[in-house]
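A quick write-up on the structure given underneath.
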């Protein structure tokens, strides 16, 4: 009887495992291999070369030695709009310490409208025009806002999907600012990421 | 069941549930449309067609008249064949709701079920027959802490024009 119960439980577990595997394979078939899925902490942030609102081009690798807050957003996204004044303040507060906020606009619209929106929001950080490629490179970013916290060596220290509180954002900024730049280090191993939380919980009460 | 096998079973179930767990953003918002029965319309007359939509329980979409220009409204587009015209589209009023991400800022949204009415007309000279009306519903969905890119779902129903 006890043996039967154990077999039953293992069978249920195996079925759930197969369902999970099937779901992953289905996702892979639909979208192709995703470069960054699951836990991305400790991975080297994919480099990109994106246009800015004023026609320049910006690469992530331009900011090696800086702590980068990479925020995917869109003008039609109200939670993204909540974060923007915080990013403005935090860029002012921590810019001198090496923080660079980059906003990647995922709008499929006229860049002039994005520029107008950013102007109305008093954005003081660089806004880049996102592409499908950069979205794919970062794991098919469909859920906005999504923010990657990238340390001075280009390593992802944390990823926040959805809106988090200002305090949580500031804490993550402090983590990436605390990283030490190691010039010549092309890849940083996962072991180099210290104190990265194992799991991020989405905020339920973000406006503070 | 021995203590050891109980622990083993618990570990197996825990690992399996981890495999099924979805990260934020893994799920996609959805809006579905209930089938529309065959619509009968007399040549020279008009009729109202109700289209019922259902939004996934965790999501909301902007109403047809969101409260800010930067928000993407829900829009139904219908392409009628030559024998028919879409005289009017009547959207429901949005529900004013505040969300955790902006408790003091109400948005005009649809959630749960909503209905759009289309008024179709057939000219007096319309030939009798069955005609497909095709189109799409475009919407942009959010949940309590994030938003998804705009999407469209197809809309289709059949209209039978009869002579007087």
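Residue numbers (the working numbering), protein chains in the order written: chain A, 85 to 292; chain B, 24 to 187. We put the CB at the ideal spot given by N, CA and C, even for glycine. What you are looking at is a predicted structure, and each value in this text was computed from that prediction instead of being measured.
#1: Please check if any C-beta of chain A sits within less than 8 Å of the C-beta of residue 96 of chain B.
#2: According to DSSP, is residue 219 of chain A helix, strand or coil?
#3: Quick one, are the C-beta atoms of residue 137 of chain A and residue 198 of chain A less than 8 Å apart?
#4: Grab me the residues of residue 227 of chain A's own chain with a C-beta within less than 8 Å of its C-beta, minus the 5 sequence neighbours each way, in chain order.
#5: Taking 8 Å as the threshold (beta carbon to beta carbon), is residue 195 of chain A in contact with chain B?
#6: Pull up the CB-CB distance for residue 125 of chain B and residue 162 of chain A, whole angstroms please, since I reckon it's below 8 Å.
#7: Could you tell me whether the region 86–106 of chain B touches the region 141–151 of chain B, using the rule of 3 or more Cβ pairs below 8 Å?
#8: Should the region 110–119 of chain B be regarded as contacting the region 175–182 of chain B, the criterion being three or more beta carbon pairs within less than 8 Å?
#9: Which runs of the alpha helix (DSSP H) spanning at least 4 residues fall entirely within the region 123–154 of chain B, listed in chain order?
#10: Got a sec? Which residues, its chain only, sit under 6 Å from residue 119 of chain A by beta carbon, not counting five neighbours each side?
#11: What's the gap between the Cα of residue 218 of chain A and the Cα of residue 132 of chain A?
#12: Tell me where the alpha helix (DSSP H) around residue 203 of chain A begins and ends.
#13: Tell me whether the beta-carbon of residue 208 of chain A lies closer than 8 Å to the beta-carbon of residue 175 of chain A.
#14: Any Cβ of chain C within less than 8 Å of the Cβ of residue 163 of chain B?
#15: Evaluate residue 185 of chain B with the Cβ neighbour count: other Cβ atoms within 10 Å of its Cβ, from every protein chain shown; 16 or more gives buried, anything less gives exposed.
#16: With the cut-off set at 8 Å, would you say residue 240 of chain A and residue 151 of chain A are in Cβ contact?
#17: Can you tell me where the alpha helix (DSSP H) with residue 250 of chain A in it begins and where it stops?
#18: From which residue to which residue does the beta strand (DSSP E) around residue 174 of chain A run?
#19: What separation, rounded to the nearest whole angstrom, lies between the Cα atoms of residue 163 of chain B and residue 268 of chain A?
#20: Where does residue 167 of chain A land, buried or exposed, given buried means 16+ other C-beta within 10 angstroms?
#21: Using a cut-off of 9 Å between C-beta atoms, extract the partners of residue 162 of chain A located in chain B.
#22: Would you tell me roughly how many angstroms separate the C-alpha atoms of residue 156 of chain A and residue 159 of chain B, rounded to the nearest one?
#23: Cα separation between residue 168 of chain B and residue 62 of chain B?
#24: Can you name the residues that DSSP bridges to residue 82 of chain B?
#25: Should residue 71 of chain B go down as buried or exposed, given a rule of 16 or more other Cβ atoms within 10 Å for buried?
#26: By Cβ distance below 6 Å, which residues in the same chain neighbour residue 106 of chain A in space, the five residues on each side in sequence not counted?
#27: Under 7 Å from any heavy atom of the ligand GTP, does the C-beta of residue 110 of chain B make it?
#28: Drop a sphere of 10 angstroms on the beta-carbon of residue 189 of chain A, count the other beta-carbons inside from all chains shown, and report buried for 16 or more, exposed for fewer.
#29: Our contact map puts residue 156 of chain B next to residue 132 of chain B with C-beta atoms below 8 Å; I'd like the distance itself, whole angstroms only.
#30: Distance, Cα to Cα, residue 232 of chain A vs residue 148 of chain A?
#31: If I follow the unbroken beta strand (DSSP E) through residue 137 of chain A, where does it start and stop?
#32: Nearest to residue 266 of chain A by alpha carbon, out of A:238, A:171, A:249 and A:204?
#33: Rounded to a whole number of angstroms, what is the C-alpha to C-alpha distance between residue 191 of chain A and residue 92 of chain B?
#34: Are residue 183 of chain A and residue 253 of chain A touching if we call contact CB-CB under 8 Å?
In short, the structure shows the following:
#1: Here residue 96 of chain B refers to the residue found at position 73 of the second chain. Chain A, which has no Cβ nearer than 8 Å to the Cβ of residue 96 of chain B, makes this no.
#2: Sequence index remark: in the first chain, residue 219 of chain A carries index 135 (1-based). The answer is helix: DSSP assigns residue 219 of chain A an H, G or I state.
#3: Residue 137 of chain A sits at position 53 when you count from the first residue of the first chain. Residue 198 of chain A sits at position 114 when you count from the first residue of the first chain. Yes, these two residues count as a Cβ contact at 8 Å.
#4: Residue numbering aside, residue 227 of chain A sits at position 143 when the first chain is read from its first letter. Only 245 and 246 meet the Cβ criterion.
#5: Within the first chain, residue 195 of chain A is the residue found at index 111, counting from 1. Residue 195 of chain A does not count as touching chain B.
#6: On the second chain, residue 125 of chain B is found 102 positions in, with the first residue counted as 1. On the first chain, residue 162 of chain A is found 78 positions in, with the first residue counted as 1. The pair is a contact, with the Cβ atoms about 6 Å apart (cut-off 8 Å).
#7: yes
#8: no
#9: none
#10: Taking the first residue of the first chain as position 1, residue 119 of chain A is located at position 35. Because residue 119 of chain A sits at a pLDDT of 40, beneath the cut-off of 50, its placement in the model cannot be relied upon, and the following sentence gives the value as read from the coordinates. These residues qualify, in order along the chain: 221.
#11: Taking the first residue of the first chain as position 1, residue 218 of chain A is located at position 134. Taking the first residue of the first chain as position 1, residue 132 of chain A is located at position 48. Those two C-alpha atoms are separated by around 7 Å.
#12: The residue you call residue 203 of chain A lines up with position 119 of the first chain. 195–204 is the extent of the alpha helix (DSSP H) around residue 203 of chain A.
#13: For this step, residue 208 of chain A is matched to residue 124 along the first chain. For this step, residue 175 of chain A is matched to residue 91 along the first chain. Contact: yes.
#14: Checking the listed chains, one finds no chain C in this structure; the protein chains it contains are A and B.
#15: Reading the second chain from its first residue, position 162 is the one you call residue 185 of chain B. Classification of residue 185 of chain B: exposed, given that the 10 Å Cβ count is below 16.
#16: The residue labelled residue 240 of chain A in the question sits at position 156 within the first chain. The residue labelled residue 151 of chain A in the question sits at position 67 within the first chain. Cβ distance not < 8 Å, so residue 240 of chain A and residue 151 of chain A don't count as in contact.
#17: Along the first chain, read from residue 1 onward, the residue named residue 250 of chain A stands at position 166. Unbroken alpha helix (DSSP H) run through residue 250 of chain A: 250–261.
#18: Walking along the first chain from the start, residue 174 of chain A turns up at place 90. Looking at the DSSP string, residue 174 of chain A is not in any beta strand (DSSP E); the run it does join, the alpha helix (DSSP H), is 162–178.
#19: By one-based count along the second chain, residue 163 of chain B stands at place 140. By one-based count along the first chain, residue 268 of chain A stands at place 184. Those two C-alpha atoms are separated by around 44 Å.
#20: Sequence index remark: in the first chain, residue 167 of chain A carries index 83 (1-based). Label assigned to residue 167 of chain A: buried.
#21: Numbered from 1 along the first chain, position 78 holds the residue referred to as residue 162 of chain A. Those are 91, 93, 94, 122, 124, 125, 128, 130, 165 and 170, listed as they occur along chain B.
#22: Within the first chain, the letter at position 72 stands for residue 156 of chain A. Within the second chain, the letter at position 136 stands for residue 159 of chain B. Taking the straight line from one Cα to the other gives about 28 Å.
#23: Counted from its first residue, the second chain places residue 168 of chain B at position 145. Counted from its first residue, the second chain places residue 62 of chain B at position 39. Rounded to whole angstroms, residue 168 of chain B to residue 62 of chain B spans 40 Å at the Cα level.
#24: Reading the second chain from its first residue, position 59 is the one you call residue 82 of chain B. Residue 82 of chain B pairs with nothing; no bridge assigned.
#25: In the second chain, residue 71 of chain B corresponds to position 48, counting from 1. The residue in question, residue 71 of chain B, is exposed, as its Cβ has fewer than 16 Cβ neighbours within 10 Å.
#26: Taking the first chain and counting its residues from 1, the one referred to as residue 106 of chain A is at position 22. Because the pLDDT of residue 106 of chain A is 47, which lies under 50, any placement of that residue in the model is unreliable, and the question is left without a value.
#27: This structure does not include the ligand GTP; it has no bound ligands of any sort.
#28: Mapped onto the first chain, residue 189 of chain A falls at position 105. Buried is the call here.
#29: Along the second chain, read from residue 1 onward, the residue named residue 156 of chain B stands at position 133. Along the second chain, read from residue 1 onward, the residue named residue 132 of chain B stands at position 109. 27 Å between Cβ atoms; not a contact.
#30: On the first chain, position 148 is the one that residue 232 of chain A refers to. On the first chain, position 64 is the one that residue 148 of chain A refers to. Cα-Cα distance, rounded: 15 Å.
#31: Walking along the first chain from the start, residue 137 of chain A turns up at place 53. Careful: residue 137 of chain A lies outside any beta strand (DSSP E) and carries neither H nor E.
#32: By one-based count along the first chain, residue 266 of chain A stands at place 182. Closest by alpha carbon: A:238.
#33: Taking the first residue of the first chain as position 1, residue 191 of chain A is located at position 107. Taking the first residue of the second chain as position 1, residue 92 of chain B is located at position 69. So the alpha carbons of these two residues sit roughly 14 Å apart.
#34: Working through the first chain from its first residue, we reach residue 183 of chain A at position 99. Working through the first chain from its first residue, we reach residue 253 of chain A at position 169. Not a contact, by the Cβ cut-off of 8 Å.
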